[in-house]
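This report refers to the structure that appears directly beneath it.
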Amino acid sequence: MAKRKTHSGTGRIPWRRDGVWLAGDTHAHYRNVGVERLAAEASPFCDFIAVTSHSHRPNFWRAQHAAVVAARKAYPNLLIFHGLEWGCPVGGHATVLVERSRSENAILSEFWRTYDGWYARSKPNTIQDAIAGLKFLAGVSHRTESTVILNHPSYGRPYTVDDMRGMYDAGALCVSFEGACGKQSGTPGSEIDPIVRKVGGAYDVLLSEGRRYGLTAVSDFHSHVSEGGKSYWPGEFAKTYVFCPERSCRGVLAGVKAAATYFVHNDIIGPLRFTARCGEREAMVGETLRVRQGAEVEVALDCIERSPIDRVEFITNDRSPSAFRVVRRKRRWRIGRWSRFSFTVSNVGQDFFVRARGVARGMRKPCRDEPGDMWFYTSAVLIQVT
Ligand SMILES: [Zn+2]
Ligand SMILES: [Zn+2]
Numbered sequence: 067m068a069k070r071k072t073h074s075g076t077g078r079i080p081w082r083r084d085g086v087w088l089a090g091d092t093h094a095h096y097r098n099v100g101v102e103r104l105a106a107e108a109s110p111f112c113d114f115i116a117v118t119s120h121s122h123r124p125n126f127w128r129a130q131h132a133a134v135v136a137a138r139k140a141y142p143n144l145l146i147f148h149g150l151e152w153g154c155p156v157g158g159h160a161t162v163l164v165e166r167s168r169s170e171n172a173i174l175s176e177f178w179r180t181y182d183g184w185y186a187r188s189k190p191n192t193i194q195d196a197i198a199g200l201k202f203l204a205g206v207s208h209r210t211e212s213t214v215i216l217n218h219p220s221y222g223r224p225y226t227v228d229d230m231r232g233m234y235d236a237g238a239l240c241v242s243f244e245g246a247c248g249k250q251s252g253t254p255g256s257e258i259d260p261i262v263r264k265v266g267g268a269y270d271v272l273l274s275e276g277r278r279y280g281l282t283a284v285s286d287f288h289s290h291v292s293e294g295g296k297s298y299w300p301g302e303f304a305k306t307y308v309f310c311p312e313r314s315c316r317g318v319l320a321g322v323k324a325a326a327t328y329f330v331h332n333d334i335i336g337p338l339r340f341t342a343r344c345g346e347r348e349a350m351v352g353e354t355l356r357v358r359q360g361a362e363v364e365v366a367l368d369c370i371e372r373s374p375i376d377r378v379e380f381i382t383n384d385r386s387p388s389a390f391r392v393v394r395r396k397r398r399w400r401i402g403r404w405s406r407f408s409f410t411v412s413n414v415g416q417d418f419f420v421r422a423r424g425v426a427r428g429m430r431k432p433c434r435d436e437p438g439d440m441w442f443y444t445s446a447v448l449i450q451v452t
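So, in structure tokens, the structure goes:
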């Protein structure tokens, strides 16, 4: 079996005791509405948003940065990233988020001029070209932290599993992808990416190899559904929750890079805790629980239901590294306002992962009449036998 890799080397989140969950959106365009309107509409739903134009659009870079700076002044409580939707040399699109800093604009500019498939004269198109972009960002991290999130991995020009392995293995920079793409008003139900929806799909394969990708869900805002478009405002329908060491753009990047994330459609749940426990030791989403051979591990998902949750499903490879299964739980224990869904793995024999999802049925999206199933999905907890 492939050697385990963890983003941090330790599988522990240093801010687990005093971190804060922030909700937001990592992928939105502003061309049709302006950044100030985008920020105004997102503010009731989000702690953070990212403005991510394509580099070949005339509204990118200088114009975007000026608009982001103005919107930050007008909406000081909203964290706003100056980002890029990268024409990635492999796969399709990827989001580049850079920390809010003095050099954010200079770094983004150098990045897209050199590494963007749409723009760069060298027409980068190999995994090595993509990795060179990641290495550039890693090389300037002493000035400005950043992260890369793979966008809509199955749509447009899809990413292969090998692309995703290569991007992950290039360092600790690219460790997330969109588990649910944006522009959600056009299609029924929830647009969960097939590689996340399918049990034993690419996401489970990557996790089984110890590649701890985290999930996001985004608006990919272009124009609002009430104004003839296909998108919702950032956070209005899809929210990514990120467990951050502090309330800042830098804090959001740290949480995304720790894969300490889950996403929710239509606000079907509020706060969520997803943990694996063995005796006194506990690991949260984004962490690794280390146990002895033969140990018993209790996996628990606690959430506050804002709509009735029909069931929670745990997806795991607890019995064999390449045999993926779903454990369904309809029954819950109520602890105050919290609902607990859980299952136990006894006699642990090998390393495994567990991730979770839940569904509320027959719900309507904002501005739409037809009912459908709405989901939430978590990133994973890894369990390692020592
Ligand atoms: Zn895209
Ligand atoms: Zn986009």
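In short: position in the sequence shown from 1, add 66, done, that's the numbering used here.
Glycine is no exception: its CB is placed at the ideal position from the N, C-alpha and C atoms.
Item: Rounded straight-line distance, which links the Cα of Asn413 to that of Glu165; Value: 44 Å
Item: Rounded Cβ spacing between Lys20 and Ala320 (contact assumed at less than 8 Å); Value: No answer is possible for residue 20: the residues shown for the chain start at 67 and end at 452.
Item: Distance between beta carbons of Ala236 and Leu200, contact taken as under 8 Å; Value: 5 Å
Item: Strand pairing of Trp81, partner residues [DSSP]; Value: Partner(s): none; Trp81 has no beta bridge.
Item: Short Cβ contact (9 Å threshold) for Asn191 with Val227; Value: no
Item: Three or more C-beta pairs below 8 Å linking the segment 257 to 272 and the segment 345 to 363; Value: no
Item: Contact shell at 5 Å, judged by CB to any heavy atom of ligand 2, ordered along the chain; Value: Glu151 and Asp286
Item: His148 Cβ short of 8 Å to ligand 1 heavy atom set; Value: no
Item: Other residues of its chain near Tyr443: CB distance less than 6 Å, five sequence neighbours each side excluded; Value: Gly245, Leu281, Phe329 and Arg423
Item: Selection from Ala342, Ile375, Ile370 and Arg356 that minimises the alpha carbon distance to Ser408; Value: Ala342
Item: First and last residue of the uninterrupted beta strand (DSSP E) at His159; Value: His159 to Val164
Item: Ser162 to Arg403 span [Cα, whole Å]; Value: At residue 162 the sequence reads Val, which differs from the Ser that was named. Whole-angstrom Cα-Cα distance: 38 Å.
Item: Spatial distance of Leu273 from Ile449 (CA atoms); Value: 11 Å
Item: Meets three-Cβ-pair contact criterion under 8 Å: the segment 75 to 92 and the segment 130 to 143; Value: no
Item: Segments of 3+ residues assigned as beta strand (DSSP E) that fall wholly inside the segment 321 to 372; Value: 327 to 331, 335 to 344, 347 to 350, 354 to 357 and 363 to 371
Item: Cα-Cα separation, Ser373 to Arg406; Value: 15 Å
Item: Span separating the alpha-carbon of Cys344 from that of Phe390; Value: 22 Å
Item: CA nearest to the CA of Ala446, picked from Ala116, Ala325, Phe114 and Arg398; Value: Ala325
Item: Where Ile370 falls, given that 16 or more other Cβ within 10 Å makes a residue buried; Value: exposed
Item: Span separating the alpha-carbon of Val262 from that of Phe419; Value: 14 Å
Item: Through-space distance from Pro260 to Val421, alpha-carbon basis; Value: Looking at the sequence shown, residue 421 is not Val but Arg. If you take the alpha carbons of Arg421 and Pro260, they lie about 15 Å apart.
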